[in-house]
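Visitor: Provided herewith is a single structure, encoded as structure tokens, for subsequent inquiry.
As structure tokens, then:
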């Protein structure tokens, strides 16, 4: 049966730790894995804009000896016909498909028909690649065991916080979600709420100040979906959201002089979810976190396509 990486709930704790171990191993000795994916191709299907996802997967495939094929959804026949037809065709030409799409329903359709592994590179419900990157980064920047780490996420409930909640539950680190009260307004919210209710590792709080004192890491993400950030027809809605979210801004008042590390998955919107002073603060590991997308992707590709 073909393995896909979509919802990390589909994987056991041991599977997830194996992906992370591969990422660390390959990062430490990249020259030993230069031919791991020799002769293999990975299609990169983009419906959403991207910087880190495209760069990291293209470079990862090149450095592992394989080939990355960029497919622009808007410039291909994905806009003209049924998704399942195009994916079944595409999967007969490559050894893997990474898709960065708007809808989880479309990712699920891809997984149901593809003859090769499908990697969810981001959708409205999940961001598994980012979540794995974040855990890799935390373990590199803490002397604590993963199970002793406390991560505070402040911001909106979204695909990123959803995947983080799954990983906290699976890998036993503490996650405090400081967000507005849970609702069903975001596609990820139902699963996040379920995780809050069932997992002792995941908690919801109304104010990040309530949990920041003993945090090892504090993390935020963009408040506004990148598809809507510059949309004129969303201006009033975006303005109202920003006003609501100011309580959850990652700023100097929140972190003070606490001994913690600052995270953001990028792209960054200064003076919205984070103040620019914290982006360049000595405690910031934002760019190390972003660079780790490459290494986390390598671990994932080695696991799915490299037979490791």
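Numbering (this note's numbering), first residue to last: 16 to 323.
No residue lacks a Cβ here, since even glycine has one placed at the ideal position from N, Cα and C.
Considering residue 124, what are the terminal residues of the alpha helix (DSSP H) in which it resides?
Guide: It spans 119-128 - the alpha helix (DSSP H) in which residue 124 sits, taken as one unbroken run.
Visitor: Report the rounded CA-to-CA distance for residue 255 versus residue 279, giving the unit in angstroms.
Guide: Going by the C-alpha atoms only, they are around 22 Å apart.
Visitor: Give a yes or no on whether the C-beta atoms belonging to residue 84 and residue 65 are separated by under 9 Å.
Guide: Not closer than 9 Å, so no.
Visitor: Give the DSSP-derived three-state secondary structure of residue 109 in the structure shown.
Guide: It is coil, neither helix nor strand.
Visitor: Under 9 Å between the Cβ atoms of residue 287 and residue 237?
Guide: Cβ distance < 9 Å, so residue 287 and residue 237 count as in contact.
Visitor: Answer yes if the region 118-127 comes into contact with the region 144-163, meaning at least three C-beta pairs across the two stretches below 8 Å, and no otherwise.
Guide: Because the criterion of three Cβ pairs below 8 Å is not met, the region 144-163 and the region 118-127 do not touch.
Visitor: By the three-class DSSP mapping on this structure, what secondary structure does residue 232 have?
Guide: Strand, per DSSP.
Visitor: Is it a yes or a no for the region 220-230 touching the region 124-143, going by three-plus beta-carbon pairs under 8 Å?
Guide: The region 220-230, when compared against the region 124-143, does not touch it at the 8 Å Cβ threshold.
Visitor: Near residue 218, which residues of its chain fall below 6 Å by C-beta distance, leaving aside the five closest residues on each side in sequence?
Guide: Closer than 6 Å at Cβ, skipping near neighbours: 191.
Visitor: Contact defined as beta carbons within less than 8 Å: I believe residue 263 pairs with residue 194. What is the distance between those atoms, to the nearest angstrom?
Guide: Rounded, the Cβ-Cβ distance is 7 Å, consistent with contact.
Visitor: Runs of 3 residues minimum, wholly inside the region 182-210: which ones carry the beta strand (DSSP E) assignment?
Guide: You should have 189-193.
Visitor: Measure the CB-CB distance between residue 81 and residue 103 and report whether it falls below 9 Å.
Guide: Against a cut-off of 9 Å, the Cβ pair of residue 103 and residue 81 comes out as no contact.
Visitor: Measure the alpha-carbon distance for residue 114 versus residue 60 and round it to whole angstroms.
Guide: Going from the Cα of residue 114 to the Cα of residue 60 covers about 5 Å.
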